[in-house]
Structure formats: structure tokens, C-alpha cells
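Numbering (the working numbering), first residue to last: 117 to 402. Each remark here refers to the structure printed beneath this line.
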């Protein structure tokens, strides 16, 4: 049986494990910021998962079930993730940067199947491994994933289904929602939480370790002005602030925002663990 959302959320090790997970996400971003930009906003993150799921569920002998631009756009619209134009622009951007590529059509020359490049699958694998490491710390998963060459193809489509059907994922709470529409907003939240000592989680103002907005924006490759505006919006909500002078002292996050982040991680981890259990059944050992 997979861990339930409630079991994950209440697990005493969750906060420390998620902090390690956030640090791992930051390392992945540093390795390839441009590729990480594929997942820069929640909308792009969901579109990427849909594209990957279509790829892993493809049937090469049936051109109707190949990953094509037309199928991708249709599924994006069916799930109300983005407009046709946004989905089409996303495909064109992925092709431009070599994150996806055309493969030879075997039956109908008019059909142009797509596939992710080998390089673009690596950060997806690292993303999944970081989350499985968190689950591993709670109940054990990663060794089985690493032992199966087909593990990513088995698990990712089920994760995509879970993400698309989850109201908490599709409609996040106020501060989390504020950052999901910011370019690299997920990275912003990971960076904030990565600096939090879980022993400080009970404070009214939880220090993050971040001092300079300029250095933060430079690391994220974001406009300092744009980042400062979003941070000011979060400050107006009472979700963040500074222990001293704004922008020149340690930034803090509120207990409510910290709990929003932890709740969102628990939702995501429960979806992933359910996908893992469904994919591997009794072999998962739980």
C-alpha cells in the first residue's frame, strides 16, 4: 500500500526530508538553468508532464498513439491546462532548444512523431529520484526505481495522471499560487525552504538564510525588479518579510506559507507514491 497524504503530512521526518529535497532541486536547476526553465511555471510543468506521458504511452506500431504536436495540443486543451496557441508555442520552444526532436515517421509521411531528447530526460529522472529519496527516507522506494531500466516510463505517466486530476495541485493555495505563475517560481520556493532549519518551523517568523534579492535574482536569472515585485506581493499577504531592512537582511517566511509548501509537497509525494505502487505492485514491498 502507498503512503496516504495524511501519513506523509504527519510523518515526523517530513520537514527535514523535504529540505534535502529542495536542496536537490536547486542543484538540478544550477546544472542546467535553461532546461530547468521547461518547468519554470506550473502551467509549463503540467504541459511537460503531459508530453512525457504521451511519449511513454506511445505505441510505435500505431501512428494514432504517437506523440505528435496535434495530440499534445488536444490533450492540453482537454485538461484545460493552456490555450492552443500557448501549447503550440511550447512545442516550438522545445524543438528550438533541442529538448524534443522529430523521429522518422514509419507509416504516414504526414505524421511527424516527437520524442524527448536523451539530455532532456536526465533532469526528469533526477526530479523523480529526489522525490523518491524523500519517500525512501519515510518508507523506502529508491532502490527498486534504480534497479528497473523501465522505471521512468512505468511511473511518470501515472504521476502525470495524478497531477492533472488533483485539485490541490491544479488550484494551489494563495501564496503558493502566487509563485506558481512566476518564471522559476517553484525554484524560488525551493530556495526559500532549502534555507529553513526545520527546528525553527514553530517560530512566528521562520528565517530562510536569504539576504540579498539581487544575488537571489542573479542566481535565478530573473529580473530583480520582477522578483522584488512578486516578493512584495507575498509580503503584502504576510507570507514573507525581512528581519531587518527590506532586501538587506535575512528573509523570513510565515508559518502559514511554510505549511502551504509542506502540504503541497505531501500532496505531490502521495501522488508519486500511489503511482509507484500501481506501477510495481507487490514488488514495491509496501
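The beta-carbon is built from N, C-alpha and C at its ideal position, and this holds for glycine as well. A quick note: this is a predicted structure, and the numbers were derived from the prediction, not measured.
>> On the DSSP letters alone, give me the boundaries of the beta strand (DSSP E) that residue 232 sits inside.
In response: 230 to 232
>> Suppose contacts are defined by Cβ-Cβ distances below 8 Å. Is residue 256 in contact with residue 390 by that definition?
In response: no
> Going along the chain, which residues of its own chain have a beta-carbon closer than 7 Å to the beta-carbon of residue 145, five neighbours each way excluded?
Replying inline: 152, 303
> Is residue 274 near residue 394, with beta carbons less than 8 Å apart?
Replying inline: yes
>> Strictly by DSSP, which residues pair up with residue 367?
In response: 358
> Terminal residues of the continuous alpha helix (DSSP H) containing residue 145?
Replying inline: 130 to 147
> If you draw a straight line from the alpha carbon of residue 341 to that of residue 306, how long is it in whole angstroms?
Replying inline: 20 Å
> Residue range of the alpha helix (DSSP H) that residue 351 falls in?
Replying inline: 340 to 352
> Are any of the Cβ atoms in chain B nearer than 8 Å to that of residue 390?
Replying inline: Absent from the structure is chain B; it holds one protein chain and no more.
> Going by C-alpha distance, which of 236, 362, 198, 261 is nearest residue 149?
Replying inline: 236
>> Let's test the definition: count the other Cβ atoms within 10 Å of the Cβ of residue 384 and tell me whether it reaches 16, buried, or not, exposed.
In response: buried
> For residue 248, which residues from the same chain have a beta carbon less than 7 Å from its beta carbon, with the 5 sequence-adjacent residues on both sides left out?
Replying inline: 257, 258, 261
>> Do residue 309 and residue 377 have their beta-carbon atoms positioned less than 8 Å apart in this structure?
In response: yes
> So, helix, strand or coil for residue 218, using DSSP?
Replying inline: strand
> Straight-line CA distance for residue 295 to residue 355?
Replying inline: 12 Å
>> Taking the straight line between their C-alpha atoms, what separation do you get for residue 139 and residue 215?
In response: 24 Å
> Are residue 205 and residue 189 closer than 8 Å when you measure CB to CB?
Replying inline: no
>> By alpha-carbon positions, which one of 367, 120, 134, 165 ends up nearest to residue 375?
In response: 134
>> Please state the DSSP three-state secondary structure of residue 402.
In response: Any answer about residue 402 is weak, because its pLDDT of 49 lies below 50 and its placement is not dependable; what the coordinates show is given next. The answer is coil: DSSP assigns residue 402 none of H, G, I, E or B.
>> Across the stretch 317 to 326 and the stretch 343 to 354, are there enough close Cβ pairs to call them in contact, namely three or more that are closer than 8 Å?
In response: no
> Looking at residue 230 and the ligand PLP, is the gap between the Cβ and the nearest heavy atom below 7 Å?
Replying inline: No copy of the ligand PLP occurs in the structure displayed, which carries no ligand at all.
>> Starting from residue 306, trace the alpha helix (DSSP H) in both directions and tell me its first and last residue.
In response: 301 to 310
> Going straight from the alpha carbon of residue 192 to that of residue 170, what length do you get?
Replying inline: 11 Å
> Which residue from 330, 388, 381, 387 puts its Cα closest to that of residue 367?
Replying inline: 330
> Is residue 152 helix, strand or coil when you go by DSSP?
Replying inline: helix
> Where does residue 323 sit, in a helix, a strand or coil, going by DSSP?
Replying inline: strand
>> So, for residue 234: in the same chain, excluding its five sequence neighbours on each side, which residues have a beta-carbon less than 6 Å away from its beta-carbon?
In response: none
> Rounded to a whole number of angstroms, what is the C-alpha to C-alpha distance between residue 315 and residue 131?
Replying inline: 9 Å
> Taking the C-alpha atoms as reference points, what is the distance between residue 290 and residue 177?
Replying inline: 45 Å
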